[in-house]
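For the record, in the sequence shown the residue sitting at position 193 is 818 according to the working numbering, with numbers rising by one throughout.
Single-structure report; data block below.
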Amino acid sequence: MFYCNATQKNLRRMTRLIYQCALIVVKGNRFLSENKLLQELGWNTFAQRTSYLSITMFAKIKLNKNAKIIHEHFFQDLPANIGRNIGKLKILFSKKNKFYNSFYLKMIRLWNTLPLQIRLEQNYTDFIKHMHQKYNIHEYKHINLYHYDTEIDNIYLKIRHQCSKLNADQYKLHFVPDPKCTQCGKNKQETNHHYFMDCNKYDQQRKLLKQNLTNITKEFKKYNNRQLVQLILGHKNDKIDNMAYKNAYQFIKLFIVTTGRFV
Ligand SMILES: [Zn+2]
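Here you go:
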């Protein structure tokens, strides 16, 4: 019984393919961050999917959900370690690489990295619930929060992924020789923070943006400039519900349109 015949090279290729599909969905370019994009869309990488499916199958065998004969065969001589290693399985060594990567040995190694609460779980349905939380399956961070239809959506997507037309981003991609802001006389780098919170040219629009954001929920009133930029870049706080975020993004897009920086 071997764990997923695919080589690392092929796994990487499959992940690349998922990334290409994601680019088509959001109409993006290849400068978008792979991890961030998949997280934003709520997609799992191929490696995440295989490890999730394998570990749940392993748990099924371990918790004696499958045929008893398999359970007895797999777990007959595994003494559980004591102390902080409680619930971990004994690692078996193999001389050959082929067996080192086999399902059984690989799953034991993966099992030992799970949190204590999950390792000690005796109920299979509860185990799945914990795993969903760990692997973020069905509980996606940004699901349905963003749109990818209009040009402004596309500009905002690039701002989140730090590959927009702002000079600091362009400098990072080796497109311009100087990261400094040319819109004001402050002689500072034109980063996302400078564009949204600092640049003199957009003072009026910024005032409106802050007003609008603070009108949405009380939580946003507590935010300082740095936290507001984090919100704009897509970081989420558990205290705030999705509706507030959705409203916030409308006003952020309004700011982007009215400043006219990306025309
Ligand atoms: Zn400026």
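The C-beta atom is built at its ideal place from N, Cα and C for all residues, glycine as well.
Note that this is a predicted model, so its numbers are computed, not measured.
Secondary structure note for I716: it is in no alpha helix (DSSP H), with a DSSP letter that is neither H nor E. In this structure, DSSP gives Q747 a state outside helix and strand, which the three-state scheme calls coil. For the pair Y644 and E659, the CB atoms are nearer than the 8 Å cut-off.
Annotated as proximal: I680 and L735, with beta-carbon spacing under 8 Å. Pairing K713 with H757, the inter-Cα distance amounts to about 20 Å. Relative to N862, the option among F880, T842, K878 and I881 whose CA is nearest is T842. Annotated as distal: I694 and L717, with beta-carbon spacing of 8 Å or more.
Relative to ligand 1, K634 has its C-beta separated by 7 Å or more from all heavy atoms.
With distances taken between CA atoms, R785 lies nearest to L657 out of K805, L657, M639 and L739. Taking a contact as a CB-CB distance under 8 Å, the pair Y820 and L791 counts as one, their CB atoms being some 6 Å apart.
Distances between the C-beta of H819 and the heavy atoms of ligand 1 include at least one below 7 Å.
Note on geometry: alpha-carbon atoms of N837 and Q875 lie some 10 Å from one another. Listed as beta-bridge partners of Q814 by DSSP are K805. Taking every protein chain shown into account, the CB of G859 has 16 or more other CB atoms within 10 angstroms, so this residue is buried. When C-alpha distances from P802 are compared across K661, F728, E815 and D823, the shortest belongs to E815.
The criterion of a C-beta distance shorter than 8 Å is not satisfied by K797 and K805. With contacts defined by Cβ atoms closer than 8 Å, T884 and Q830 form a contacting pair. DSSP places I841 in the uninterrupted alpha helix (DSSP H) bounded by D828 to I841.
By the Cβ neighbour-count rule, F800 is exposed, with fewer than 16 other Cβ atoms within 10 Å of its own.
Counting C-beta atoms within 10 angstroms of its own C-beta, C646 has fewer than 16 neighbours from the protein chains shown and is therefore classed as exposed. Ligand 1 has a heavy atom closer than 7 Å to the beta-carbon of K811.
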